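Take any residue in the sequence shown, note its place counting from 1, add 77, and you have its number in our numbering.
All C-beta atoms, glycine included, are put in the ideal place defined by N, C-alpha and C.
Bear in mind the structure is a predicted one, so any value in this text is a computation, not a measurement.
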Amino acid sequence: LLVSSVMHQDRSVELKSLIQHRDRQAEIYEMGYENLLSVLGIGRYHYGVIAAAALSNAADAVEIVAISFVISAAKDDLAMSSLDEGILTAIIFLGMMFGGWIWGSMADQARFGRKKILFYSLMVNGIFGLLSAFTLDFYMLLVLRFCSGVGVGGSIPVTFTYAAEFLPKEKRGFWLALLAVSWPFAATLTSLFAYAIIPHVDSFYIGQIEVQSWRLFLIPCSVPAFAASLVFYRYVDPSPKWLIYTKHNFIKGSKVLVKIYEVNHGGDMDAFDAELFEPNVLKSWVQKEMDVDAALLGDDSEMNGLDIDGSDV
């Protein structure tokens, strides 16, 4: 009887442990990516993400605002009519329209993603912004500003998408609003910079080439775009949501999420719940959120055949 009682108690403990384990698995399965972001909270890692995104947004603001000062200063040098001035003002927005469509669709693809597209679009912005300082005539400047607009049109929407995918939903609105402040801040600095250079610096010659103040103004205006492109090339991580839901690289997505936790908690991993960050758990969330209309993730057979380490992409 004693042996039977002990065996019964052991069986009860085993069943209770099994039930608790199943409840735990069910709780994790129902959690999802958005709730995991809430667990990560907001910390130093997110401050870095917002700073990088703010630099990108500021670079776009500089590029758009700068041309308004150049038009009035370069009117005589480039023999622009009033109609030419209006066209030059509008051309960057036409470029942005095309850029937003092209870069935005590429940012959602597994081949590119948010980080790469931000690097490419900011580089396009910087290159053509810099070349604008060396324009020979109005038509050359028109083409260069259109190309610059293509870059700006890509980085503006992708910048906010990139930042949003790191932020928990309960704090997302506040931090994206704070990110948006970088635009008027950069526009104000650009205006002050234009005032300091364009009316106060006289034209000078390098050999037979005349260098006007508006050309000098455009050269440093390209620096924020180059700086932001460097930041996104070397110093930031890919969006973990893109890695998980589009790239299907669950191991890399897990590593980024663990890094966020570690940086936000100053390296203190005592309260770290490793099970929440397992690649298999991340994959289960994707499977749960799939439905027959999920165009990005394909059908169930494609998902079930996906390697957990994302080696097939």
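Beta strand (DSSP E) segment containing residue i, residue limits
i: F281; result: 281-283
Spatial distance of residue i from residue j (CA atoms)
i: G190; j: G284; result: 46 Å
i: K360; j: L117; result: 19 Å
i: G172; j: L353; result: 43 Å
i: F303; j: S158; result: 32 Å
i: E104; j: K192; result: 32 Å
i: A143; j: D153; result: 18 Å
i: P317; j: R292; result: 41 Å
i: G344; j: E247; result: 24 Å
i: D350; j: Y110; result: 15 Å
i: N202; j: S331; result: 32 Å
i: V313; j: A305; result: 11 Å
i: L244; j: I119; result: 7 Å
i: Q102; j: A135; result: 44 Å
i: V333; j: I275; result: 45 Å
i: I141; j: V340; result: 35 Å
i: L219; j: S149; result: 15 Å
i: M183; j: L195; result: 11 Å
i: D161; j: M367; result: 51 Å
Exposure label - residue i; buried when at least 16 CB within 10 Å
i: G250; result: exposed
i: I286; result: exposed
i: E107; result: exposed
i: Y338; result: buried
i: Y282; result: exposed
i: V229; result: buried
i: S198; result: buried
i: E242; result: buried
i: L155; result: buried
i: K336; result: exposed
i: W178; result: exposed
i: T166; result: exposed
i: G163; result: exposed
i: L213; result: exposed
i: K365; result: exposed
Helix, strand or coil at residue i [DSSP, three-state]
i: I286; result: strand
i: I328; result: helix
i: H98; result: Bear in mind that the predicted position of H98 carries a pLDDT of just 48, short of 50, making it too unreliable to give a figure here.
i: Q186; result: coil
i: P315; result: coil
i: M174; result: helix
i: L244; result: coil
i: S198; result: helix
i: A351; result: helix
i: L256; result: helix
i: S115; result: helix
i: G163; result: helix
i: A103; result: helix
i: L208; result: helix
i: G343; result: coil
i: M108; result: helix
For residue i, the first and last residue of its enclosing alpha helix (DSSP H)
i: R121; result: 121-151
i: A302; result: 300-311
i: L322; result: In the sequence under discussion, the amino acid at residue 322 is Tyr, which differs from the Leu named in the question. From DSSP, Y322 is part of no alpha helix (DSSP H); its letter is neither H nor E.
i: I274; result: 259-274
i: L218; result: 215-241
i: S361; result: 356-366
Nearest-angstrom Cβ-Cβ length linking residue i and residue j, presumed shorter than 8 Å
i: L132; j: P301; result: 7 Å
i: S268; j: V278; result: With a Cβ gap of about 16 Å, S268 and V278 do not count as contacting.
i: V227; j: G181; result: About 12 Å separates the two Cβ atoms, so there is no contact after all.
i: F237; j: L256; result: 7 Å
i: F223; j: I169; result: 7 Å
i: L253; j: A264; result: That belief does not hold up - the Cβ atoms of L253 and A264 are roughly 18 Å apart, past 8 Å.
i: I328; j: V363; result: Incorrect: roughly 13 Å between the Cβ atoms, too far for contact.
i: A210; j: I127; result: With 8 Å as the limit, A210 and I127 do not qualify as a contact, their Cβ atoms being about 30 Å apart.
Distance cut-off 7 Å: residue i Cβ against heavy atoms of the ligand HEM
i: G284; result: Absence of the ligand HEM is noted for the structure shown, with no ligands found whatsoever.
Any chain C beta carbon closer than 8 Å to residue i
i: F270; result: Any reference to chain C falls outside this structure, which holds one protein chain only.
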